[in-house]
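Sequential numbering from 40 applies to the sequence shown in my numbering.
Following: one structure in structure tokens, then a few remarks.
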Amino acid sequence: MPEKRESTVSDQGDTLAERLAWLRRSFPDPETGRPYEVKRISAETGISGSQLYKILSGESPNPGWQHLRALAAFFRVPLDTFDSGEHADSVRAQLATLVELRELKESGVESLSLRGLTPAQAERIRGVVADLRDSNTASNDDA
């Protein structure tokens, strides 16, 4: 059985292109299980295919605010995911934890015990769960 690679904040990269590549790998198309195709991202975000390729390749490292908002909405992540700084690092750490929890679930883990974790680790997991509940509530309110 191939070894699962843990997703960490450092895996997400320092540039926008690297972070988007991580999002495409970590939050795949639920219909195919593969990274979203550029054509679909372009169609759903309203970003032209050529501009999106420039962003994804790093040729356009600082796209406009509207493009970042559209990409964050498409991947259903906070806009801070693309920022730098301590808060953005925390957001990306929470996203990495979500990916790890999803991978655990997909491997058959039905429940998770916080026993044996450090208080900081347990608090991180509780924080992610609380954020998920909040985001689900906000998503339901928007619908």
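In this text, a Cβ means the ideal position worked out from N, Cα and C, and glycines have one as well.
Distance between residue j and residue i (C-alpha atoms, nearest Å)
i: residue 104; j: residue 156; result: 39 angstroms
i: residue 183; j: residue 74; result: The first residue shown for the chain is 40 and the last is 182, placing residue 183 beyond what the model contains.
i: residue 83; j: residue 112; result: 10 angstroms
i: residue 69; j: residue 159; result: 32 angstroms
i: residue 154; j: residue 126; result: 27 angstroms
i: residue 128; j: residue 164; result: 16 angstroms
i: residue 92; j: residue 169; result: 35 angstroms
i: residue 102; j: residue 162; result: 35 angstroms
Residue i vs residue j beta-carbon contact at 7 angstroms
i: residue 94; j: residue 109; result: no
i: residue 121; j: residue 55; result: yes
i: residue 77; j: residue 133; result: no
Cβ neighbour criterion (16 or more within 10 Å) applied to residue i
i: residue 106; result: buried
i: residue 81; result: buried
i: residue 173; result: exposed
i: residue 135; result: buried
i: residue 42; result: Only weak support is given to the placement of residue 42: the predicted model assigns it a pLDDT of 40, under 50, and the value that follows is read from those uncertain coordinates. It is exposed - the Cβ of residue 42 has fewer than 16 other Cβ atoms within 10 Å.
i: residue 58; result: buried
Residue range of the alpha helix (DSSP H) that includes residue i
i: residue 86; result: That residue, residue 86, is in no alpha helix (DSSP H); it is neither H nor E in DSSP.
i: residue 63; result: 55 to 65
i: residue 110; result: 104 to 114
Presumed contact (8 angstroms Cβ cut-off) between residue i and residue j, rounded CB distance
i: residue 116; j: residue 62; result: 7 angstroms
i: residue 90; j: residue 99; result: 7 angstroms
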